[in-house]
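Participant: Dropping the structure in here first, questions after.
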Amino acid sequence: MLHVDDDVILCTMFSAGGYQPCKGDSGGPLVCEGVVIGVVSWGVECNIRNKPAVFGRVDAAIDFINNTLK
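Everything in the sequence shown is counted per UniProt numbering, starting at 1 for the first residue and increasing by one.
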């Protein structure tokens with residue numbers, strides 16, 4: 001069984017019309033109500049509905065992000 005640390009990882013299922021991230025999407029944003037909450041990490045398959053996609057949580061890495069941008 002795959003262990004996912006929900007302190008740093010966010011799993012999503014996209015609603016109707018949504019697809020999983022695909023090759024080349026890594027590092028792309030997951031946006032909710034205009035706020036970036038995640039960064040594309042990986043998915044089960046490419047452009048498949050009803051499969052989870054995995055994102056790195058921005059809130060878990062915010063100190064690293066801010067220090068890197070300085």
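For each residue, glycine too, the CB sits at the ideal point set by N, CA and C.
Just tell me which of Arg49, Gly38 and Ile65 has its CA closest to the CA of aspartate 6.
Facilitator: Here residue 6 refers to the residue found at position 6 when the sequence shown is read from its first residue. Measuring from the Cα of aspartate 6, the nearest candidate turns out to be Gly38.
Participant: So which of Pro21, Gly27, Phe14 and Tyr19 has the shortest CA-CA distance to valine 58?
Facilitator: Mapped onto the sequence shown, residue 58 falls at position 58. Across the set Pro21, Gly27, Phe14 and Tyr19, the C-alpha of Gly27 shows the shortest separation from the C-alpha of valine 58.
Participant: I need the straight-line Cα distance from valine 23 to cysteine 46, nearest angstrom please.
Facilitator: Here the question's residue 23 lines up with position 23 in the sequence shown. Here the question's residue 46 lines up with position 46 in the sequence shown. Rather than valine, the amino acid found at residue 23 in this sequence is lysine. Cα to Cα, lysine 23 sits roughly 7 Å from cysteine 46.
Participant: If you draw a straight line from the C-alpha of proline 52 to the C-alpha of valine 35, how long is it?
Facilitator: Numbered from 1 along the sequence shown, position 52 holds the residue referred to as residue 52. Numbered from 1 along the sequence shown, position 35 holds the residue referred to as residue 35. Those two C-alpha atoms are separated by around 21 Å.
Participant: Closest to threonine 12 by CA distance: which of Trp42, Asp25 and Glu33 is it?
Facilitator: Residue 12 sits at position 12 when you count from the first residue of the sequence shown. Answer by Cα proximity: Trp42.
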